[in-house]
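Peer 1:
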Ligand SMILES: [Zn+2]
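Written out as structure tokens, the structure reads:
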């Protein structure tokens with residue numbers, strides 16, 4: 008009996024190659040070649056080439072129908088070594104990427120420099136986020152309490168300007184401002200100005216009546232935010248997130264940038280699922296704050 012190590016099909020004696028997978032058959036499936044990594048064909052070709060340069064000889068790429076993926080296989084005796092070499096491949100890739108970024112020769116890059124560059128990249132990304140935040144991009148959220156304060160001050164300004172204006176017109180009308188006596192009988196002017204100042208006062212008053220309402224909303228909102236933050240502390244911890252964004256393949260080293268986008272993506276998905284109706288500006292703000300809490304200014308701790 009002979010089996011295909013990829014599709015596991017059984018073949019009768021005499022046949023040596025799987026018709027579908029084009030790979031040599033084995034006697035015992037438990038001893039046959041095993042997949043080490045899956046991915047795009049082009050990348051796998053590159054990895055296989057790298058493995059060959061490192062002296063590995065049994066690697067081959069094939070499509071696995073069962074998992075609908077292209078995989079790189081190695082014979083059992085080379086499996087362990089292949090895993091190490093592939094890890095080295097991805098480290099080399101990351102170092103090449105960092106070298107291009109820093110404009111130096113990859114050969115001159117030491118592990119310490121690579122680490123330094125990764126940290127620098129992380130810091131730059133954080134600075135960018137911070138700058139975006141302070142420019143108001145992404146988070147244009149204004150909390151209800153500040154909104155109430157804004158309403159209050161603009162209502163005061165409107166009422167004050169309107170009130171002073173009306174007082175001025177009254178003084179003008181009774182002739183208390185001799186220098187502007189001529190305007191006193193300009194009823195058109197007096198009427199228009201009076202009407203204008205009256206609108207100021209009314210608008211100011213209406214705005215003021217809304218302040219209480221907004222303050223009530225503010226309290227409800229603060230309660231809600233407290234609740235969401237508590238929930239986030241449970242469902243969005245560093246452990247959970249890191250687990251979720253870990254590469255499916257342990258041989259893959261991910262760059263800071265990749266990790267950042269994956270983490271934010273995951274956090275967004277989880278939070279959206281839990282609070283689908285949350286105001287989108289508030290959503291962004293809370294997400295942002297949680298990310299900072301977990302990942303920013305923590306370089307010193309993970310050494
Ligand atoms: Zn097969």
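In my numbering, the protein residues as written are 8 to 310. Cβ coordinates follow ideal geometry from the N, Cα and C atoms, glycine included.
(1) Can you grab the Cα-Cα spacing for the pair residue 91 / residue 114, in whole Å?
(2) Figure out for me which residue from 86, 57, 124 has the closest Cα to the Cα of residue 262.
(3) Is it buried or exposed for residue 194, if we count other Cβ within 10 angstroms and need 16 for buried?
(4) Taking a contact to mean a Cβ-Cβ separation below 8 Å, would you say residue 81 touches residue 121 in this structure?
(5) Note the first and the last residue of the continuous alpha helix (DSSP H) segment covering residue 172.
(6) Identify every residue that forms a DSSP beta bridge with residue 85.
(7) By the three-class DSSP mapping on this structure, what secondary structure does residue 106 have?
(8) Closest to residue 151 by CA distance: which of 294, 232, 207, 49 is it?
(9) Does the Cβ-Cβ distance between residue 77 and residue 55 come in under 8 Å?
(10) Report the option in 106, 197, 292, 28 whose CA atom is closest to the CA atom of residue 139.
(11) From what residue to what residue does the alpha helix (DSSP H) around residue 23 run?
(12) Just to confirm the assignment, what range does the beta strand (DSSP E) spanning residue 186 have?
(13) How do the region 167 to 174 and the region 202 to 214 stand: do at least 3 beta-carbon pairs fall below 8 Å, yes or no?
(14) What does the Cβ neighbour count give for residue 219, buried or exposed, with the cut at 16 atoms within 10 Å?
(15) Suppose you measure from the CA of residue 34 to the CA of residue 74; what does that come to, to the nearest Å?
(16) Considering just the uninterrupted stretch of the alpha helix (DSSP H) at residue 69, what are its terminal residues?
(17) So, helix, strand or coil for residue 80, using DSSP?
(18) State yes or no: is the C-beta of residue 35 nearer than 7 Å to some heavy atom of ligand 2?
(19) Under 8 Å between the Cβ atoms of residue 58 and residue 32?
(20) Out of curiosity, what's the CA-to-CA distance linking residue 290 and residue 266?
(21) What is the DSSP secondary structure of residue 13, counted as helix, strand or coil?
(22) List in chain order: all unbroken alpha helix (DSSP H) runs of 4+ residues lying wholly within the region 193 to 240.
(23) Is it buried or exposed, residue 13, if we count other Cβ atoms within 10 angstroms and call 16 or more buried?
(24) According to DSSP, is residue 43 helix, strand or coil?
Peer 2: So, from the listed chains and residues:
(1) 20 Å
(2) 124
(3) exposed
(4) One thing to note: residue 81 has its Cβ no nearer than 8 Å to the Cβ of residue 121.
(5) Residue range 151 to 180 is occupied by the alpha helix (DSSP H) that includes residue 172.
(6) Note: residue 85 is not bridge-paired with any residue in the DSSP secondary-structure output.
(7) helix
(8) 232
(9) no
(10) 292
(11) Bounds of any alpha helix (DSSP H) do not take in residue 23, whose DSSP letter is neither H nor E.
(12) Where residue 186 is concerned, there is no enclosing beta strand (DSSP E), given that its DSSP letter is neither H nor E.
(13) yes
(14) exposed
(15) 23 Å
(16) Premise fails: residue 69 lies in the beta strand (DSSP E), 67 to 71, not in any alpha helix (DSSP H).
(17) Secondary structure at residue 80: strand, using DSSP grouped into helix, strand and coil.
(18) Although ligand 2 was asked about, the structure shown includes only ligand 1 as ligands.
(19) no
(20) 21 Å
(21) coil
(22) none
(23) buried
(24) strand
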